[in-house]
């Protein structure tokens with residue numbers, strides 16, 4: 097059974113990491129921690145590159161692993177095929193990561209178990225990194241959940257809903273397709289086992305966070321008015337914005353970039 101923490105650490109305590117401000121920063125942090133996490137390869141892509149197949153879901157329902165209908169991480173607990181596809185499509189970005197473990201032979205059962213433990217540990221560490229800055233990230237791993245010896249499904253809720261990783265196959269994702277698109281190795285040798293996990297997350301630069309023309313015009317007028325101390329320009333919140341320092345010629349104030357981006361212009365009610 098995997099060792100887990102009863103309570104997840106707050107994001108601000110994640111080993112002193114600074115808040116991720118861009119996708120490039122996340123990529124650098126993941127690269128720095130790749131060996132520490134035990135990740136063999138990883139790649140970023142868009143969820144539009146994902147290929148879904150009902151056949152993959154049907155293979156999962158074949159219950160060759162014995163987890164179908166037995167855990168919260170597998171169908172039918174994860175939802176219908178269409179709902180799983182829609183959930184994945186609701187995200188913008190996806191990170192595909194893999195681990196590779198050597199085996200002593202084809203029938204090395206202990207080696208297979210060890211490979212699964214190594215992969216789940218790498219997935220858990222990666223999930224912490226992503227969720228520390230993207231709390232809504234969806235993490236999908238291989239096969240079924242093995243956190244508990246006996247799952248509570250379907251009699252009681254999951255004991256660790258924040259640490260469970262639903263199976264990739266249960267969501268109908270064709271792993272080999274995205275691996276070939278991103279250049280990741282699907283087969284790493286005759287006596288090795290390769291596992292894949294997916295992390296789906298939203299980009300911090302979404303459309304609603306960009307400067308729209310109306311908002312830019314409003315900010316420019318406020319900046320221009322601040323250069324003349326005899327003018328006072330009302331803020332969208334209804335407060336009066338005054339220049340901080342007399343005689344300042346700065347067109348930008350620290351608080352302005354945090355204003356709501358609704359294109360609001362002051363009216364009689366402000």
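Numbering (our numbering), first residue to last: 97 to 366.
Positions of the beta carbon are idealized from the N, C-alpha and C atoms, including for glycine.
Nearest-angstrom beta carbon gap, residue j and residue i [assumed within contact, 8 Å]
i	j	result
residue 233	residue 227	5 Å
residue 205	residue 137	Wrong, their Cβ atoms sit about 26 Å apart, outside the cutoff.
residue 238	residue 215	7 Å
residue 267	residue 184	6 Å
residue 284	residue 181	Actually they do not touch by this definition, with Cβ atoms about 29 Å apart.
Under the three-state DSSP convention, the category residue i falls into
i	result
residue 219	helix
residue 181	helix
residue 256	coil
residue 282	coil
residue 140	strand
residue 296	strand
residue 267	helix
residue 374	Because residue 374 is not part of the residues shown, which for the chain are 97 to 366, the question remains open.
residue 147	coil
residue 121	helix
residue 335	Note that residue 335 scores a pLDDT of 47, beneath 50, so its modelled location is shaky; the value from the coordinates is reported in the next line. It is coil, neither helix nor strand.
For residue j and residue i, the rounded distance between their alpha carbons
i	j	result
residue 169	residue 256	11 Å
residue 247	residue 259	13 Å
residue 140	residue 128	16 Å
residue 171	residue 164	6 Å
residue 213	residue 178	30 Å
residue 297	residue 282	23 Å
residue 124	residue 190	16 Å
residue 291	residue 199	13 Å
residue 280	residue 126	16 Å
residue 207	residue 201	8 Å
residue 188	residue 130	23 Å
residue 251	residue 220	26 Å
residue 135	residue 211	12 Å
residue 243	residue 249	13 Å
residue 154	residue 145	21 Å
residue 230	residue 119	11 Å
residue 159	residue 203	21 Å
residue 286	residue 186	37 Å
residue 311	residue 156	Low confidence applies here, because residue 311 scores a pLDDT of 45, under 50, leaving its location unreliable and the question unanswered by this model.
Residue j beta carbon less than 7 Å from that of residue i
i	j	result
residue 294	residue 225	no
residue 265	residue 121	no
residue 273	residue 147	yes
residue 241	residue 167	yes
residue 149	residue 270	yes
residue 262	residue 174	yes
residue 288	residue 192	no
residue 133	residue 276	no
- Message: What ranges does the beta strand (DSSP E) occupy inside the segment 150-200, keeping only unbroken runs of at least 3 residues that lie completely in it?
- Response: 189-198
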